[in-house]
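Everything on this sheet refers to the single structure shown next.
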Amino acid sequence: MANKNKSALSETEGVSSPEMTNADAISKIKAKRKLQRTTQDLVKAILKGDITALSQAITLVESKNPKHTEQANSIIKACLPQANNSVRIGITGVPGVGKSTFIEAFGMHLTALNKKVAVLAVDPSSSITKGSILGDKTRMEDLVKNKNAYIRPSASGTSLGGVARKTRETIILCEAAGFDTIIIETVGVGQSETAVHSMVDFFLLLKLAGAGDELQGIKRGIIEMADAIAINKADGDNVKRAKLAKVEFNRALHMYPLKDSNWQPKVTLCSALTYQGIDAIWDVITDYLTLTKQNHYFSFKRTEQNKFWLLQTIEEQLKSAFFNNPEIKTELNKQLDLIENNQTTPFAAADYLLGLV
Numbered sequence: 000m001a002n003k004n005k006s007a008l009s010e011t012e013g014v015s016s017p018e019m020t021n022a023d024a025i026s027k028i029k030a031k032r033k034l035q036r037t038t039q040d041l042v043k044a045i046l047k048g049d050i051t052a053l054s055q056a057i058t059l060v061e062s063k064n065p066k067h068t069e070q071a072n073s074i075i076k077a078c079l080p081q082a083n084n085s086v087r088i089g090i091t092g093v094p095g096v097g098k099s100t101f102i103e104a105f106g107m108h109l110t111a112l113n114k115k116v117a118v119l120a121v122d123p124s125s126s127i128t129k130g131s132i133l134g135d136k137t138r139m140e141d142l143v144k145n146k147n148a149y150i151r152p153s154a155s156g157t158s159l160g161g162v163a164r165k166t167r168e169t170i171i172l173c174e175a176a177g178f179d180t181i182i183i184e185t186v187g188v189g190q191s192e193t194a195v196h197s198m199v200d201f202f203l204l205l206k207l208a209g210a211g212d213e214l215q216g217i218k219r220g221i222i223e224m225a226d227a228i229a230i231n232k233a234d235g236d237n238v239k240r241a242k243l244a245k246v247e248f249n250r251a252l253h254m255y256p257l258k259d260s261n262w263q264p265k266v267t268l269c270s271a272l273t274y275q276g277i278d279a280i281w282d283v284i285t286d287y288l289t290l291t292k293q294n295h296y297f298s299f300k301r302t303e304q305n306k307f308w309l310l311q312t313i314e315e316q317l318k319s320a321f322f323n324n325p326e327i328k329t330e331l332n333k334q335l336d337l338i339e340n341n342q343t344t345p346f347a348a349a350d351y352l353l354g355l356v
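Each residue of the sequence shown is one higher than the last, beginning at 0 in numbering that gives the first Met the number 0.
Laid out in structure tokens, this is it:
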């Protein structure tokens with residue numbers, strides 16, 4: 000007869016624990032990870048196309064830990080001879096234009112052509128409020144499972160320069176890992192377009208027909224940076240509006256002077272949802288690459304971009320060193336109080352602070 004006072008929560012004797020516990024397994028995994036994090040091993044693994052090692056190296060690049068930064072710089076330097084052998088494509092467009100769907104369709108098309116595709120993002124704002132590639136990764140279900148594709152969420156932060164610098168360094172690592180096509184996405188609502196334009200070979204602007212932003216897009220000046228405009232969601236009832244928008248954008252593009260590359264930007268229609276027009280966009284990019292490599296603009300542009308990023312890096316480091324100076328931190332607060340009490344001007348305060356360096 001069962002004991003009526005026995006609690007339902009009482010324990011019964013179970014099977015004995017295995018000789019190798021979870022703690023043992025975790026210790027072995029940690030030891031293995033620690034072993035793989037040496038600079039030399041990471042570089043060797045990256046050059047062999049090891050995605051885990053690539054991700055670990057990018058994490059070091061994104062880290063603010065000085066030791067991590069030092070190791071990341073060593074890895075980048077070792078990988079540099081194997082870099083610069085990809086096509087870098089920038090993609091921008093306002094939120095809602097279908098960037099995630101387009102990038103997945105475009106990436107799947109490229110991998111079908113035996114390309115190795117890496118998708119990166121430049122988003123200096125919060126990924127939670129702005130919907131960066133962090134959210135997009137979960138929506139790119141097919142591409143994220145593709146063995147020839149790699150999707151890397153961008154590091155969120157407030158400094159556009161800092162995020163852009165990390166993205167450029169990530170490009171080098173991805174190229175060294177064997178990715179021949181790098182897609183850099185911008186959130187499309189600020190200065191991040193300029194940052195992306197300064198690190199890619201081809202800049203693609205995604206637009207929507209009938210969204211009321213045709214003229215706004217022209218006024219913003221982003222159209223001047225575009226090497227091609229793709230009008231997305233050109234399907235169903237939207238096809239007619241898309242064709243009219245194509246005429247308008249073609250007319251607008253011809254109002255601008257010919258680019259230094261001697262390339263006349265093209266306007267195409269596509270539907271990322273139905274995969275229509277995706278191949279035509281790749282054809283446009285291929286034509287651009289053929290022209291710019293023949294007239295040597297391709298290599299000239301990359302050289303100019305490297306010079307630009309040298310100056311940008313100097314500015315970033317000087318700015319960081321200035322504001323992290325303990326004396327500057329103290330005196331800056333004093334000058335801010337003086338400004339608040341109308342006892343000095345911003346210009347006089349700046350001259351004083353700069354004179355302390």
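For each residue, glycine too, the CB sits at the ideal point set by N, CA and C.
Between D234 and F201, the C-beta spacing is not below 8 Å. Ranked by Cα distance from R151, the options V116, G177, P94 are led by V116. Your pair F297 and L288 checks out as a contact, with CB atoms roughly 7 Å apart and the cut at 8 Å. Residue pairing of L203 in beta bridges, as defined by DSSP: I90, A227. Under the three-state reduction of DSSP output, L352 falls in the helix class. Here Q275 is bridged, per DSSP, to S270.
Distances from the CA of E223 to each of I170, N340, Q263, D336 were compared; the closest alpha carbon is that of Q263. Just so you know, the alpha carbons of I277 and H108 end up roughly 7 Å apart. For Y296, the enclosing alpha helix (DSSP H) stretches over residues 296-322. Distance from the CA atom of S197 to the CA atom of Q304, rounded to whole angstroms, is 6 Å. In its chain, beyond the 5 residues on either side, I74, A77, C78 have a beta carbon closer than 7 Å to the beta carbon of V42. Rounded to the nearest angstrom, the gap between the Cα atoms of N323 and I170 is 28 Å. In chain order, I132, R151, S153, T166, T169, I170, C173, I181, I182, I183, E184 place their CB closer than 8 Å to the CB of L119, counting only its own chain and leaving out the 5 sequence neighbours on each side. Taking the CA atoms as reference points, Q81 sits about 41 Å from M254. With fewer than 16 other beta carbons inside 10 angstroms of its own, T51 counts as exposed. Shown here for I338: same chain residues with a beta carbon closer than 7 Å to its own, the five before and five after excluded, namely P345, A348 in chain order. Note that the C-beta distance between T312 and R87 is not below 8 Å. With a 10 Å radius around the Cβ and a threshold of 16 neighbouring Cβ atoms, A176 comes out buried. Under the three-state reduction of DSSP output, L288 falls in the helix class. C-alpha of D40 to C-alpha of K146: approximately 22 Å in a straight line. Membership of V121 in the beta strand (DSSP E) is indicated by the continuous run 116-121. If you draw a 10 Å sphere on the C-beta of T329, you find fewer than 16 other C-beta atoms in it, and that means exposed.
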